[in-house]
Amino acid sequence: QVQLVESGGGLVQPGGSLKLSCAASGLTVSEYRMGWYRQAPGAERELVAGLGFGESPTYADSAKGRFTISRDNAKNTVDLQMNTLKPEDTAVYYCRAQSRYTYRTYWGQGTQVTVSA
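Using my numbering, read the sequence shown as starting at 26 and increasing by one per residue.
Structure (structure tokens):
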């Protein structure tokens, strides 16, 4: 059974940092295209950062220069380091995995990030 479990969300002041982690079980992250998405109230879910195979990570324009996605094959996790957070980064953040072979997609349950003074 595949599970993606996000952690690391919380309340942070503007300008602060958070590190989100996505722990995978039932799949091997090195064989999946991994991504972090977010969904703010009333908005559509959007890609924040993606990590494929052998190419540079992709970032939403709003995340470039502030967020870093990384994959730890030994731990079978994918992290999102978020720096210089802004109130507009407030959202539920989701981890997504897509098989490089079958394109089957899995989602985590999400973790809330709130940026507020």
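Ideal Cβ placement from N, Cα and C applies to all residues, glycine included.
Minimum C-alpha distance to residue i - residue among the options
i, options, result
"residue 6", "55, 45, 40, 118", "Here the chain comprises residues numbered 26 to 142, so residue 6 is not present and cannot be evaluated."
"residue 91", "83, 97, 98", "83"
"residue 94", "59, 141, 41", "59"
"residue 73", "98, 38, 113", "113"
"residue 140", "29, 36, 31", "36"
"residue 66", "99, 118, 129, 132", "118"
"residue 80", "40, 110, 96, 46", "96"
"residue 129", "85, 69, 121", "121"
"residue 87", "133, 31, 63", "63"
"residue 47", "69, 41, 98, 111", "98"
"residue 137", "131, 116, 105, 123", "116"
"residue 110", "38, 31, 135", "38"
Opening and closing residue of the beta strand (DSSP E) in which residue i lies
i, result
"residue 52", "Residue 52 -> no beta strand (DSSP E), and no H or E assigned at all."
"residue 74", "71–76"
"residue 129", "Here residue 129 belongs to no beta strand (DSSP E), and DSSP marks it neither H nor E."
For residue i, three-class secondary structure by DSSP
i, result
"residue 114", "helix"
"residue 31", "strand"
Outcome for residue i when other beta-carbon atoms lying within 10 angstroms are tallied against a minimum of 16
i, result
"residue 71", "exposed"
"residue 27", "exposed"
"residue 34", "buried"
"residue 40", "exposed"
"residue 69", "exposed"
Integer-rounded CB distance, given that residue j should sit under 8 Å from residue i
i, j, result
"residue 101", "residue 49", "5 Å"
"residue 29", "residue 133", "4 Å"
"residue 170", "residue 45", "With the chain covering only 26 through 142, there is no way to say anything about residue 170."
"residue 106", "residue 57", "Contact flag wrong, Cβ pair sits at about 20 Å."
Cβ of residue i within 8 Å of any chain D Cβ
i, result
"residue 104", "Of the protein chains in the structure, only one exists, and it is not chain D."
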